[in-house]
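Reading through the structure tokens given below for one structure.
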Amino acid sequence: MTRFFLTTAIDYVNSRPHLGTAYEKICADVIARYQRLCGLDTRFLMGNDEHSQNVYKQATDLGLDPLAYCDRMEQEFRRTWQRLDVSFDDFIRTTEPRHNAGVTELARRIYDAGDIYDGVYEGWYCIGCEEFKQEKDLVNGKCPLHPTLQPEWIREKNYFFRLSKYQQPLLDLFAAHPEFLQPEIRRNEILRLIEGGLVDLSVSRAGQSWGIPLPWDPASVVYVWFDALINYASAVGLGGDRDVFERWWPADLHVVGKDITRFHAVIWPAMLMSAKLPVPRQVFGHGFMTLNGQRMSKTLGTIVDPIDAADRLGVDPLRLYLVKEIAFGGDGDFSWDRYEERYNVDLANNLGNLVSRVAAMAGRYRNGVLRPSGGGSDQLVRLGEQIALDYRRAMDAFAIHEGAAAAYRLIDATNEFIAATAPWALAKDAASADRLTHVLFDAAEAIRFAAVLLAPIMPSSSREILRRVGASVDRLHLDRDGRWRTEGERVLLQEGPLWPRKEHTILTDNQTTPPGAPAPEAAGAPGPAAPAPAPAASAAAPEAARISMDDFMKVELRTAKVLAAERVPKSNKLLKLQVDAGTEHRTLVAGIAEAYDPEALVGKTVVIVFNLKPAKLMGVESNGMVLAASPDGGKPIVVSFDEAPPPGTRVR
Ligand code: MSP
Numbered sequence: 267m268t269r270f271f272l273t274t275a276i277d278y279v280n281s282r283p284h285l286g287t288a289y290e291k292i293c294a295d296v297i298a299r300y301q302r303l304c305g306l307d308t309r310f311l312m313g314n315d316e317h318s319q320n321v322y323k324q325a326t327d328l329g330l331d332p333l334a335y336c337d338r339m340e341q342e343f344r345r346t347w348q349r350l351d352v353s354f355d356d357f358i359r360t361t362e363p364r365h366n367a368g369v370t371e372l373a374r375r376i377y378d379a380g381d382i383y384d385g386v387y388e389g390w391y392c393i394g395c396e397e398f399k400q401e402k403d404l405v406n407g408k409c410p411l412h413p414t415l416q417p418e419w420i421r422e423k424n425y426f427f428r429l430s431k432y433q434q435p436l437l438d439l440f441a442a443h444p445e446f447l448q449p450e451i452r453r454n455e456i457l458r459l460i461e462g463g464l465v466d467l468s469v470s471r472a473g474q475s476w477g478i479p480l481p482w483d484p485a486s487v488v489y490v491w492f493d494a495l496i497n498y499a500s501a502v503g504l505g506g507d508r509d510v511f512e513r514w515w516p517a518d519l520h521v522v523g524k525d526i527t528r529f530h531a532v533i534w535p536a537m538l539m540s541a542k543l544p545v546p547r548q549v550f551g552h553g554f555m556t557l558n559g560q561r562m563s564k565t566l567g568t569i570v571d572p573i574d575a576a577d578r579l580g581v582d583p584l585r586l587y588l589v590k591e592i593a594f595g596g597d598g599d600f601s602w603d604r605y606e607e608r609y610n611v612d613l614a615n616n617l618g619n620l621v622s623r624v625a626a627m628a629g630r631y632r633n634g635v636l637r638p639s640g641g642g643s644d645q646l647v648r649l650g651e652q653i654a655l656d657y658r659r660a661m662d663a664f665a666i667h668e669g670a671a672a673a674y675r676l677i678d679a680t681n682e683f684i685a686a687t688a689p690w691a692l693a694k695d696a697a698s699a700d701r702l703t704h705v706l707f708d709a710a711e712a713i714r715f716a717a718v719l720l721a722p723i724m725p726s727s728s729r730e731i732l733r734r735v736g737a738s739v740d741r742l743h744l745d746r747d748g749r750w751r752t753e754g755e756r757v758l759l760q761e762g763p764l765w766p767r768k769e770h771t772i773l774t775d776n777q778t779t780p781p782g783a784p785a786p787e788a789a790g791a792p793g794p795a796a797p798a799p800a801p802a803a804s805a806a807a808p809e810a811a812r813i814s815m816d817d818f819m820k821v822e823l824r825t826a827k828v829l830a831a832e833r834v835p836k837s838n839k840l841l842k843l844q845v846d847a848g849t850e851h852r853t854l855v856a857g858i859a860e861a862y863d864p865e866a867l868v869g870k871t872v873v874i875v876f877n878l879k880p881a882k883l884m885g886v887e888s889n890g891m892v893l894a895a896s897p898d899g900g901k902p903i904v905v906s907f908d909e910a911p912p913p914g915t916r917v918r
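Each number in our numbering corresponds to the 1-based position in the sequence shown with 266 added.
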């Protein structure tokens, strides 16, 4: 069976996954599921990049052993990908022994090829990018991607890789395989870069312990990018099982962001050429995702938690939105408003409604059973077959947004077909009985067909649709299931709406991330920020005063362990707390000084509002708010646990 090996970038684990990193994983998952749908033996690799200085720093800031911190983050990442229905077959961590073996093997091969020499590196290093920078890369002395970080000036003994030697071989690769780097815009960009000349690359770091020791000089560790790129090969047996390596290498596709395309389309193939190993067949450099037009950044508070986004409207609606709304390869924007709007248009009003209507008509007019006797709508059949071809062409070229659009063309055509054939009118005329059966069967068939095409994008919804239109939901195969059927029997099920319409269930954009901040003076202080509304006359709160589940979900409550506490000078009420919030340390200010001695709080696990805008209280910046009950006239009582969950646990 033909195989397909695809990978995503491996993520740095110094912070949680966000919608931008999730976008890449979802798109790669759509490609993986499409390859499986076509019957290819598919291997989909993802993983975590752990040997970064940022990761080391984050762990030590939290007082954790770096490996223990990475273990914790692995769970966080796996949980997120599973929640988003990302069907990876393998998950690699760069601290695993199999990766160490692969790095050692590849580094040794490059060394033996004479492509490594030692020297002294003197220059800038951006820890945010984990990259050596030249003066021309900096703007006003700062890395434009990490303006809050000061680049480090380093001077150390390094080993260098003769990247410059591979300029011509890389140009030859690009000429012989125009498909090697996609999309076109990325290919042109990188081609210009290679034509401009390549500078040898420093591949080791001196005086660091967090990393893989160089095989020929264990006092140095392998530079994090040199280490990370090798994950793709070490995951399929480089330095280990030769048969596995023979079977799976080279990779068919690396899906990565545009910011790191250069590493994958220049440095990585050059390393492989030096090691005399085949280069990957294709690299796809996707665009960047913004939130309301702004770069996703933790410091700007423009991060969307992908689990939250899935919780609001569902995993499949999120996947469809990301795939259908953004041309894969270009940049794209996320907005909560648009997300809800597309949910209503594409799912509630369109596909969901179509499935319900056809099932309802089949129920009303044919007791849910459709058994046609040959024939049918030539027009719809021809369209379906044309759409299947367009879909395949698009998906084979990784234009997954066009694949989604193709499926929707069929859905739109089916709605038009129903309007034009008017089954409700046919039902009134006994002479049209056969025709009515055909019309309903064709509509159900078109839905089945669209569900098969949408299966890589909305895996569980597609299965549900197939079940409702009485089609098999066993392992799908595009050759078999992507063909129009005109005969057979369908038993359609009438069940509740697949996607109930939503009205303003999520934030409007101008309220988004971080949501509804209180007046600065209230942040950090427990208890209601404003006087509570007057109680309603009846015992039950009026509907308008209640909030929806979605409103509640906007507030990210997490557990945090108090590491240190002290009084805020010149304040009777405020305490300054240092807490471990699981993946980061935070400073909070809480108005509980009259009720708690600072020492009594240390070691306690409390609940904090994690996604609150920072606010300054008596000159101290508070990053979150501690939850406490404030009994009338009494002192605040901090919310705590009988049994403390780990720091960073979500509270709902
Ligand atoms: N660890 C490196 C990759 C090593 S691959 C051998 C890295 N990690 S990352 O966590 O910073 O990024 C992981 C992936 O997410 C990258 O492909 C990156 O381009 C992508 N994205 C990060 N932010 C993104 C958006 N806002 N939008 C789309 N993709 C984004 O780089």
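C-beta: ideal position from N, C-alpha, C; glycine also. This structure is a prediction, so every number in the text was calculated from the model and none was measured.
Could you tell me whether any non-hydrogen atom of ligand 2 is closer than 7 Å to the CB of residue i?
| i | result |
| --- | --- |
| L411 | Questions concerning ligand 2 fall outside what the structure shown contains, since the ligands it does hold are ligand 1. |
Can we count residue i as close to ligand 1, meaning its CB is less than 7 Å from some heavy atom?
| i | result |
| --- | --- |
| D315 | yes |
| I276 | yes |
| Y605 | no |
| L495 | yes |
| G523 | yes |
| Y587 | no |
| T346 | no |
| F357 | no |
| M562 | yes |
| Y322 | no |
| F600 | no |
| G286 | yes |
| I526 | yes |
| E290 | yes |
| M555 | yes |
Any idea what DSSP makes of residue i, helix, strand or coil?
| i | result |
| --- | --- |
| W750 | coil |
| C392 | strand |
| M858 | With the sequence shown as reference, residue 858 is identified as Ile, and Met is not the correct amino acid for it. Of the three classes helix, strand and coil, the one that applies to I858 here is coil, per DSSP. |
| S639 | coil |
| E455 | helix |
| E909 | coil |
| E832 | strand |
| H245 | There is simply no residue 245 to check, as the chain begins at 267 and stops at 918 in what is shown. |
| R812 | coil |
| V933 | Only positions 267 to 918 of the chain appear in this structure, which leaves residue 933 out of reach. |
| Y489 | coil |
| D355 | coil |
| S727 | helix |
| K879 | coil |
| I478 | coil |
| R349 | helix |
| G368 | helix |
| M891 | strand |
| A826 | strand |
With 16 other CB atoms within 10 Å as the buried threshold, where does residue i fall?
| i | result |
| --- | --- |
| W491 | buried |
| F907 | exposed |
| R299 | buried |
| M267 | exposed |
| F343 | buried |
| D307 | exposed |
| I451 | exposed |
| D384 | exposed |
| K402 | exposed |
| E290 | buried |
Ignore the nearest five residues each way along the sequence and tell me which others in residue i's own chain have a CB closer than 7 Å to its CB.
| i | result |
| --- | --- |
| H412 | C392, G394 and C395 |
| Y322 | P332 and W476 |
| P763 | G618 and S622 |
| A910 | T871 |
| M724 | D582, R585 and L586 |
| P283 | D277, F343, T346 and P572 |
| P766 | A614 |
| L702 | Y631, P689, L692 and A693 |
Give me, in chain order, the residues of the same chain whose beta-carbon lies closer than 8 Å to that of residue i; leave out the 5 immediate sequence neighbours on both sides.
| i | result |
| --- | --- |
| H704 | P638, G641, G642 and S643 |
| V917 | L823, R824, T825 and V873 |
Given residue i, which residues of its chain have a CB within under 6 Å of its CB, disregarding the five upstream and five downstream residues?
| i | result |
| --- | --- |
| G848 | P913 and G914 |
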